[in-house]
Every structure is written in structure tokens, then in C-alpha cells.
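Quick note on numbering: the sequence shown equals residues -25 to -1, 1 to 128 in mature numbering (1 follows the signal peptide of the UniProt record, and there is no 0).
Built from N, CA and C at the ideal position, the CB exists for glycine as well.
Because the structure is a prediction, the values reported are computed rather than measured.
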Amino acid sequence: MHSSSLLLKSCFLAANLLVLMTLTGDKELTRCPYGWTQVGSRCFTYNQTPMSWDSAKRHCWGLGANLASLHTYWEHQRIMQLLGNTAVWIGGSKGLKGTWFWSDGTSSSFSQWCWGEPSNGYYENCLQMNSNCWLDAWCGYHLPSVCAKNIVN
């Protein structure tokens, strides 16, 4: 993708975030650092730079966060509103025994798999979020990502 396309997409996502903040009237948004959005008791941020899942995980760690884990349909919907039609990495990955888990160590019974997913294809061990659902994908793909961290009072 050209840098002008990335800049335009970044501006579009920032505008969506501003509209969402205005429409929700969420008074607690200021509890998150600049550039982060509060959803429930956590702060989320979008990293537009495409990178592998492992690199995205390390990027989030550098921000004091983890790749995003999503625990409710409401969280999923709010993040989708922020991203639009962008495919991103979130924090799920498949363990050696085929069990999916969140990289931040949390557990959840919530899932939003696309039809036919997870397909369990060869080397499809990382969780990609599309415009409305999740799929297992090769961890080496370069995608933008979403980081999340708990609000510190």
C-alpha cells in the first residue's frame, strides 16, 4: 500500500474515532492516554504499520500493552466501529494442541469466527480480525494491529 493510502486510512480512522467519541458521549475517554480509546475498563489503540503477528505483539509490549483480546460482543462491535473494513491482528493464537488462547493470558468463552473458521490451515496459528469476524491466518502476514491495556487509576 502506498504511504499516501496509509495516511488517508489513518486520517479516516482518526475521524471515525472522533465521531464515535462524540456520539457515545463517553466521559471516561480521558482516562486513556492520547491516541487510545476507552472501551469498558480497557484502552485500545490502532497501529497502522503492517507487520507480522509476532512483531505486532512486541510493538504492543513496547507500549505497555498486549495485542487486543476481545471478551464480549460489545467490545468486538466497538473495535469494529473504530476500524471499519480494516483487517488487523488481534491477540489470539493457537497453541500446540490446537487450543486458541489470548496472548495477554486472559480467558474468554466469546468468539466471533467467520463462517468456516478456524480453517486450521497449515501454519494458520494467529488471529486476524476482519470487518465483522475472525479467521485463523499465517502469522507472517503483514497487517496493522490493535493493542489493548487496562486502565490504571
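Item	Value
Residue from L45, N22, A112 and T20 whose Cα sits closest to the Cα of P93	A112
Alpha-carbon spacing of G37 relative to W88, whole angstroms	28 angstroms
Helix, strand or coil at L45 [DSSP, three-state]	coil
C114 - containing beta strand (DSSP E), residue span	That residue, C114, is in no beta strand (DSSP E); it is neither H nor E in DSSP.
Residue of Y116, S83 and G10 minimising C-alpha distance to residue 136	Past the boundaries of the shown model lies residue 136; the chain is included only from -25 to 128, so the question cannot be answered.
Short Cβ contact (8 angstroms threshold) for K32 with L45	no
Residue span of the beta strand (DSSP E) that contains C108, given as start and end	From DSSP, C108 is part of no beta strand (DSSP E); its letter is neither H nor E.
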